[in-house]
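Residue numbers (the numbering used here): 168 to 508. All C-beta atoms, glycine included, are put in the ideal place defined by N, C-alpha and C. Keep in mind that this is a model prediction, so the values were computed, not measured. For reference, the structure is listed below as structure tokens.
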């Protein structure tokens with residue numbers, strides 16, 4: 168997985184804040200009117216709504232807020248037929264052996280869990296503070312708290328949208344978490360996102376040329392810990408795990424493996440599993456030694472992670488949030504079972 172290979176996934180553009188349009192738009196230009204409306208009207212209204220929900224959820228009991236999210240996900244999910252159909256095709260591609268009567272039930276649970284995960288993003292700190300995330304037992308807990316060993320944690324979006332994982336990892340390791348995430352187009356949503364990351368003293372780097380250099384510098388410091396989601400969606404497609412497709416190159420997976428090869432940091436698979444309601448288990452799997460700087464060893468690590476996370480997703484398919492973005496290859500059978508939800 169060295170630089171000799173060609174990128175086969177879309178490149179993520181460097182994050183940049185949206186430039187404010189003039190207070191007085193060019194009324195003759197449709198694009199100018201659209202930009203003005205988005206920046207000065209819609210974005211503030213959406214930001215106000217998100218901040219209001221955030222404040223409300225601070226007052227409600229944890230389970231109440233999560234359940235409201237579940238009801239919202241079930242109702243909205245069934246109304247969005249195109250999104251629901253996309254998830255059905257993806258499910259048939261990933262788990263073609265799933266009995267027909269299980270397809271509708273699985274998608275129904277997925278909608279509920281997606282709604283829960285969205286709301287739980289806003290109360291991630293409360294979930295962690297309440298002791299609702301079961302941490303690894305000894306001796307694994309002591310191992311991951313060893314600040315002398317730099318580690319790159321690689322994860323997927325099971326049972327959460329990223330924030331809860333960051334908080335849970337911060338609490339379990341006692342170390343500061345540095346991660347990579349795209350900047351949200353709505354400036355008010357971005358500020359709320361930054362507030363959520365600050366709850367676990369995390370550092371967020373936007374994608375860009377300098378990101379890898381900053382991550383390498385961080386990993387070379389005592390207590391270096393980097394968290395990378397390797398099932399990211401690019402151009403509305405999830406390239407990893409592969410589920411039999413071509414291994415992605417130029418993705419977050421590539422970044423994690425090349426960082427490990429360059430810095431000597433161990434790669435640690437980790438994921439969250441919902442046990443019930445707002446209760447979760449943080450599962451930290453054994454370290455994978457940093458590969459050498461050659462294609463063969465790095466490809467072996469990629470395949471090892473592919474097999475591992477494919478199984479994890481199939482075992483938690485009704486709580487994997489990225490199912491909505493996975494598009495089966497053209498010509499792949501996606502009949503699946505009948506859907507009557």
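- Collapsing the DSSP output to three states places residue 272 in a helix.
- In the DSSP assignment, residue 340 falls within the alpha helix (DSSP H) that extends over 330 to 340.
- Note: residue 487 is bridge-paired with 325 in the DSSP secondary-structure output.
- For residue 450, the CB contacts under 7 Å within the same chain, skipping 5 residues up- and downstream, are 437, 438, 440 in chain order.
- Contact between residue 394 and residue 332 is confirmed by a C-beta separation of about 7 Å, below the 8 Å threshold.
- Separation of the CB atoms of residue 321 and residue 346 is rounded to 11 Å, and the pair is thereby denied contact status at 8 Å.
- Closest in alpha carbon position to residue 387, among 355, 401, 319, is 319.
- Excluding five sequence positions before and after residue 241, the CB atoms of its chain that fall closer than 8 Å to its own CB belong to 275, 278, 279, 282, given in chain order.
- For residue 281, the three-state secondary structure derived from DSSP is helix.
- Judged by DSSP secondary structure, residue 356 falls within the alpha helix (DSSP H) whose first and last residues are 354 to 365.
- Distance from the CA of residue 340 to the CA of residue 392, rounded to the nearest whole angstrom, comes to 9 Å.
- Secondary structure at residue 213: helix, using DSSP grouped into helix, strand and coil.
- Secondary structure note for residue 393: its beta strand (DSSP E) is the uninterrupted segment 392 to 396.
- DSSP places residue 370 inside the beta strand (DSSP E), whose first and last residues are 370 to 372.
- Sorting 327, 295, 266, 304 by C-alpha distance to the C-alpha of residue 486 places 327 at the top.
- DSSP places residue 250 in the uninterrupted alpha helix (DSSP H) bounded by 248 to 261.
- As DSSP reads the structure, residue 455 sits in a beta bridge with 434.
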